[in-house]
Amino acid sequence: MHTIVAKRMSYLVGFLVFLLAGLFTEVRGVNVSRKCKYSAIYNFGDSNSDTGTTSAAFTTINPPNGEVFPQLIFPTRNCDGRLIIDFIDVALRKRLPKSVDFSKALYTIDIGQIDLAYSLFLNNNDYQSVKASIPSLLSNFSQGVQQLYDEGARFFWIHNTGSWGCVPRTNKNYKPSPGDTDSAGCRASENEIAREFNKQLKELVDGLRTKLPDAKFTYVDIYSAKFELTKNAKDLGFADPKEFCCGTIESPTVDCGVNAKEASRLCMDKSKYITWDGIHYSEAANKWVADRITNGSLSDPPVSVDMACH
């Protein structure tokens, strides 16, 4: 009797394992076939995500900018090559159709760092005043998202702000106060503001999911990726993160290529530097960060960029 029962249980367990295996295979097949077919990618952000804003708004950017990845006739970006958005495009290129449908496009947003830095400048380094300005900044952000939504945007890939307390040019020209450095050697007070901004941004994104239920929002923790890169630069094969590749150390502003290549200090190996010009990332650093964020490991919800439409 016990033998018969045992055999029946064995058959039942075997059948369930077979059924679950088939279900798992089917689900995996559905996931693969449902990878997003975005019609285009539109990026909204400051010069940390779109380093072409200077040339678009103010003046032409000279070599050695753009030497790794030449852009048409003349360089247009404060970078030696490609940006994070370029590597996101590489990850999706095979699935980007030629026709453009704005409702099926991916909208990447990366703001906060320049806003916070400028607010700190306007408020004479009063950190509490900068923190107090965060709700106003995010209110404008929310209005911008709403406007995009009203125009048909539905898929949002939102980066939080980076670890701007680690910007080499700022830290070289304005030394951190004693005790104001964190585990990565960055300005702790500025990174604290960045984390507070990111906390409130995440709360805002959670609210947008409720307010706009037919849109898909992916919150991407790019702060953690950039902080990790700075903290572990040597172990990851990069040079001292406090140094940068192009430009003069004495200048408080970006001067890489200002007087053309001959007047710029240029490093020997661009691929070893996290920062290209003291503010903007190098292509090598952009690729490292992009590899960390496109797979979904730093996202909420934890989805890769090619699944962020679901």
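In mature numbering (1 follows the signal peptide of the UniProt record, and there is no 0), the protein residues as written are -29 to -1, 1 to 281. Ideal Cβ placement from N, Cα and C applies to all residues, glycine included.
Could you name the residues of the same chain whose beta carbon sits closer than 6 Å to that of residue i, not counting the 5 residues immediately before and after it, in chain order?
i, result
"residue -13", "Unreliable positioning characterises residue -13 in this predicted model, as indicated by a pLDDT of 39, which lies under 50. The coordinate reading is nonetheless provided below. Cβ neighbours of residue -13 beyond the five flanking positions: none."
"residue 226", "218 and 219"
"residue 105", "168 and 171"
"residue 74", "123 and 125"
"residue 206", "none"
"residue 212", "201, 204 and 245"
"residue 98", "160"
"residue 258", "58"
My understanding is that residue i touches residue j, with C-beta atoms under 8 Å, so please give their C-beta distance in whole angstroms.
i, j, result
"residue 161", "residue 135", "6 Å"
"residue 255", "residue 77", "Incorrect: roughly 24 Å between the Cβ atoms, too far for contact."
"residue 82", "residue 17", "6 Å"
"residue 251", "residue 19", "7 Å"
"residue 248", "residue 209", "Wrong, their Cβ atoms sit about 16 Å apart, outside the cutoff."
"residue 33", "residue 51", "Incorrect: roughly 13 Å between the Cβ atoms, too far for contact."
"residue 90", "residue 101", "5 Å"
"residue 84", "residue 133", "6 Å"
Any idea what DSSP makes of residue i, helix, strand or coil?
i, result
"residue 9", "coil"
"residue 220", "coil"
"residue 240", "coil"
"residue 95", "coil"
"residue 90", "helix"
"residue 15", "strand"
"residue 275", "coil"
"residue 209", "coil"
"residue 134", "coil"
"residue 148", "coil"
"residue 195", "helix"
"residue 74", "helix"
In the DSSP assignment, find the alpha helix (DSSP H) that holds residue i and state where it starts and stops.
i, result
"residue 108", "98 to 121"
"residue 77", "Here residue 77 belongs to no alpha helix (DSSP H); instead the beta strand (DSSP E) covers 77 to 81."
"residue 168", "159 to 182"
"residue 141", "139 to 144"
"residue 215", "Element bounds for residue 215: n/a, residue is neither H nor E."
"residue 62", "55 to 63"
Going by beta carbon distance, what residues of the same chain come within less than 7 Å of residue i, once the five residues before and after it are set aside?
i, result
"residue 147", "158"
"residue 188", "127, 129, 176, 179 and 180"
"residue 276", "59, 62, 63, 128 and 265"
"residue -8", "Confidence at residue -8 is low in this model, with a pLDDT of 43, below 50, so the placement of that residue should be treated as unreliable; the coordinate-derived value is given next. So the list is empty, once near-sequence residues are dropped."
"residue 119", "78"
"residue 300", "Outside the displayed span of the chain (-29 to 281) sits residue 300, for which this structure offers no information."
"residue 86", "108"
"residue 72", "10"
Over the uninterrupted beta strand (DSSP E) stretch that includes residue i, give me the two end residues.
i, result
"residue 265", "Here residue 265 belongs to no beta strand (DSSP E), and DSSP marks it neither H nor E."
"residue 188", "187 to 191"
"residue 129", "126 to 130"
Below 8 Å CB to CB, which residues in the same chain sit around residue i once its five sequence neighbours on both sides are set aside?
i, result
"residue 269", "191, 192, 193, 195, 196 and 263"
"residue -2", "Its pLDDT being 35, under 50, residue -2 is placed unreliably by the model, and the measurement read from it follows with that caveat. Contacts found: none."
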